[in-house]
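Only one structure is covered here, and it is reproduced in the block below.
Protein chains: 2
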Amino acid sequence: MHSPSEQDYIEQLSIDCVIFGYQDSQLNVLVPKLNFKGDFCALPSGFIYQSEGIDQAARRILEERTGIKDIYLEQFRVFGDSPRTNKSFLERLIQLNEDELGDQHFNRKEFDWITRRFVSIGYYALVDVNKVVPKKTGIDESINWYPVRALPEMIMDHAEMVQSALHTLQLNLDEKLIAFNLLPETFTMRDLQELYESIFDRAFPRNNFQKKILDLDVLERLEKKFTGAANKAPFLYRFRKENA
Amino acid sequence: MHSPSEQDYIEQLSIDCVIFGYQDSQLNVLVPKLNFKGDFCALPSGFIYQSEGIDQAARRILEERTGIKDIYLEQFRVFGDSPRTNKSFLERLIQLNEDELGDQHFNRKEFDWITRRFVSIGYYALVDVNKVVPKKTGIDESINWYPVRALPEMIMDHAEMVQSALHTLQLNLDEKLIAFNLLPETFTMRDLQELYESIFDRAFPRNNFQKKILDLDVLERLEKKFTGAANKAPFLYRFRKENA
DNA sequence: TTTTATTGTCTACATTTGAGACAATAAAAT
DNA sequence: ATTTTATTGTCTCAAATGTAGACAATAAAA
Chain A
7 MHSPSEQDYI EQLSIDCVIF GYQDSQLNVL VPKLNFKGDF CALPSGFIYQ
57 SEGIDQAARR ILEERTGIKD IYLEQFRVFG DSPRTNKSFL ERLIQLNEDE
107 LGDQHFNRKE FDWITRRFVS IGYYALVDVN KVVPKKTGID ESINWYPVRA
157 LPEMIMDHAE MVQSALHTLQ LNLDEKLIAF NLLPETFTMR DLQELYESIF
207 DRAFPRNNFQ KKILDLDVLE RLEKKFTGAA NKAPFLYRFR KENA
Chain B
7 MHSPSEQDYI EQLSIDCVIF GYQDSQLNVL VPKLNFKGDF CALPSGFIYQ
57 SEGIDQAARR ILEERTGIKD IYLEQFRVFG DSPRTNKSFL ERLIQLNEDE
107 LGDQHFNRKE FDWITRRFVS IGYYALVDVN KVVPKKTGID ESINWYPVRA
157 LPEMIMDHAE MVQSALHTLQ LNLDEKLIAF NLLPETFTMR DLQELYESIF
207 DRAFPRNNFQ KKILDLDVLE RLEKKFTGAA NKAPFLYRFR KENA
């Protein structure tokens with residue numbers, strides 16, 4: 007969150023990003039924790055410059071707030087109930103941080119600007135956690151991956167946003183062939199299956215999962231991956247990008 | 007479009023409605039034509055009051071602009087490319103209507119407000135054309151149903167919005183069981199099939215369509231409909247609302 | 001050389017989908 | 001009254017797809 011100015015940004019309209027990553031056989035969401043007393047967790051969010059499109063704004067916000075760029079990103083829903091404002095959250099934050107906060111962080115004008123009723127466009131992002139190093143910004147105390155089904159408490163309606171994003175991800179997974187954005191360049195069939203299982207939170211039969219995926223005809227089979235384990239080595243696969 | 011005031015509405019954020027109706031075996035869209043020289047067609051649109059949610063705003067806008075209420079309505083996508091503004095459209099409108107337009111319709115302040123870059127939330131609506139009488143407002147010259155595949159030229163990106171709404175309708179049709187919102191209370195299986203064919207713009211085999219729909223187990227069969235035609239009379243069906 | 005754990009694939013079976021056929025029937029034509 | 005016509009409702013069979021069990025292949029440890 008840069009200090010917002012009334013001229014540069016569209017007022018009362020924001021973008022919130024739900025960033026999915028896959029690690030340790032779990033679907034995770036990247037959640038920054040604000041550098042204030044009180045354990046305030048909030049999805050990476052920001053505002054839209056007058057001169058940029060909303061998709062462009064989402065990419066910029068994502069990079070400014072996390073350092074992540076060049077990834078799959080798509081809008082999934084608008085959140086705009088009438089009493090939707092972060093006023094109560096910010097008041098509580100200021101109350102808990104009175105000593106540290108002189109007038110340095112918020113002046114009155116900025117406070118009024120940012121505590122108005124906001125409509126927010128939800129975007130979800132899919133990242134390969136091996137390619138990406140999330141970087142916290144000055145306003146963050148930390149930025150961590152949390153299992154999508156064990157998230158910390160978050161401000162406002164951000165928990166609901168994650169659920170809505172997860173639902174959209176499930177609906178689009180096969181249709182748009184986007185699972186591969188969550189995996190490294192090469193992966194085994196087991197890797198892909200465990201990813202599916204973590205997204206849908208249920209088991210798939212191994213034999214039929216393999217058949218279903220191979221029948222999609224979007225993977226190329228590479229050399230085997232010798233892990234050192236006492237069993238048959240699995241093949242590595244790569245997503246053929248001409249199918250994207 | 008009421009005269010917008012900077013205080014009442016969220017700035018630079020609008021709602022556009024794609025209203026689908028079914029008539030004469032065709033999927034139609036309701037398109038008002040503005041009461042100005044120059045054949046300006048625009049989807050019913052409006053702004054969001056500070057005190058109302060976006061869904062609520064969409065319902066209000068729909069009723070104010072068309073008289074339609076109590077129907078299926080859902081957001082489908084946000085349109086927000088950076089140069090998105092109706093400035094060029096309004097300048098052309100004013101140019102073509104200089105004689106009629108004193109300063110009565112737009113003062114400078116309103117013109118500036120309304121010609122800024124706008125982000126718009128697209129909603130699509132499904133109506134039973136027999137239950138609904140679209141009413142034009144003062145700013146409309148007319149309000150007419152057009153076949154979704156033979157629309158008049160529309161301002162800005164409104165044609166693209168209709169295509170996007172149609173795509174969402176197709177994706178959600180079976181999943182959410184919303185086709186019945188486009189039909190009268192009771193209908194024959196042929197009615198329903200022709201509706202599906204107009205939405206997907208392709209034919210369905212009659213025998214299997216009937217089987218598929220009946221297998222959904224959401225219809226109740228009523229008495230037969232005697233049309234006077236020289237053939238077997240079809241049953242009437244009704245959508246059981248406990249399935250909605 | 002045997003054992004162990006896992007992979008890749010095959011087959012058998014069940015379910016769903018697609019295409020053709022046909023009896024039922026409302027009203028017109030004979 | 002009987003035949004004809006157009007359309008409806010449903011059945012059957014084949015094809016495609018999905019599901020479950022089985023088993024050979026194999027990398028490394030025992």
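Chains as they are written, first to last, in my numbering: chain A, 7 to 250; chain B, 7 to 250.
Backbone N, C-alpha and C fix where the C-beta goes; we use that ideal spot for every residue, glycine too.
Computed from a predicted model, the values in this text were never measured in an experiment.
The DSSP-derived three-state label of B/GLN101 is helix.
For B/LEU99 and B/ARG66, the gap between their C-alpha atoms comes out near 26 angstroms.
DSSP assignment within the segment 189–229 of chain A yields the following whole alpha helix (DSSP H) runs of 4 residues or more, N-terminal first: 195–206, 212–222. Apart from sequence neighbours up to five positions away, the residues of its chain that approach A/ILE205 with a beta-carbon distance below 7 angstroms are LEU33, LEU175, GLN176, LEU179, ordered along the chain. For A/ALA64, there is no enclosing beta strand (DSSP E); the enclosing alpha helix (DSSP H) has its first and last residue at 60–72.
Nearest C-alpha to A/LEU107 among A/LEU220, A/LEU188, A/LYS43, A/ARG83: A/LYS43. Cα atoms of B/ASN249 and B/GLU69: separation of roughly 27 angstroms, rounded to the nearest angstrom. According to the DSSP assignment, A/ALA131 belongs to the beta strand (DSSP E) that extends over 125–133. With fewer than 16 other CB atoms across the displayed protein chains lying within 10 angstroms of its CB, B/LEU222 is exposed. Residues of chain B whose Cβ lies closer than 7 angstroms to the Cβ of A/GLY59 are, in chain order, GLY86, ASP87, SER88. Interface flag for A/ILE16 against chain B is set, since a Cβ pair is found closer than 8 angstroms. The count of Cβ pairs closer than 8 angstroms, one atom from the segment 121–130 of chain B and one from the segment 139–157 of chain B, stays below three, leaving the stretches out of contact.
Taking 7 angstroms as the cut-off between beta carbons, the residues of the segment 110–125 of chain B near chain A are ARG123, VAL125, in sequence order.
Neighbourhood of B/LEU175 in chain A, by CB distance below 8 angstroms: empty, with the nearest CB roughly 15 angstroms away.
With 16 or more other Cβ atoms inside 10 Å of its own Cβ, B/GLY86 counts as buried. Listed by position along chain A, the residues whose Cβ is nearer than 7 angstroms to that of B/ILE127 are VAL84. The three-state secondary structure of A/LEU19, taken from DSSP, is strand.
Close to B/LEU19, with beta-carbon spacing below 8 angstroms, are these residues of chain A in chain order: ILE16, GLN18, LEU19, VAL125. For A/GLN62, the C-beta contacts it makes with chain B under 8 angstroms involve SER88, in order along the chain.
By the neighbour-count criterion, in which a residue is buried when 16 or more other Cβ atoms sit within 10 angstroms of its Cβ, B/PHE241 is exposed.
Cβ neighbours of A/ASN187 within its own chain (closer than 6 angstroms, five residues either side excluded): TYR78, LEU132. The Cβ-Cβ distance between A/PRO140 and A/LEU36 falls below 8 angstroms. The bridge partners DSSP lists for B/PHE53 are B/SER20. With respect to A/PHE53, A/ILE161 sits apart: the two C-beta atoms are not nearer than 8 angstroms. Within the segment 152–169 of chain A, no residue has a Cβ lying closer than 9 angstroms to any Cβ of chain B.
For B/PHE215, same chain residues with a beta-carbon under 6 angstroms away, outside a window of 5 residues either side, are GLN199 in chain order. By the beta-carbon neighbour count (other beta carbons within 10 angstroms, threshold 16), B/GLN56 is exposed. Per DSSP, reduced to three states, the secondary structure at B/LYS141 is coil, with no helix or strand assignment.
If you check the CB distance, A/PRO190 and A/ASP134 come in under 8 angstroms.
Spatial neighbours of A/ASN92 in its own chain (CB-CB distance under 8 angstroms, excluding positions within 5 residues in sequence) are listed in chain order as ILE120, THR121, PHE124, ILE161, MET162.
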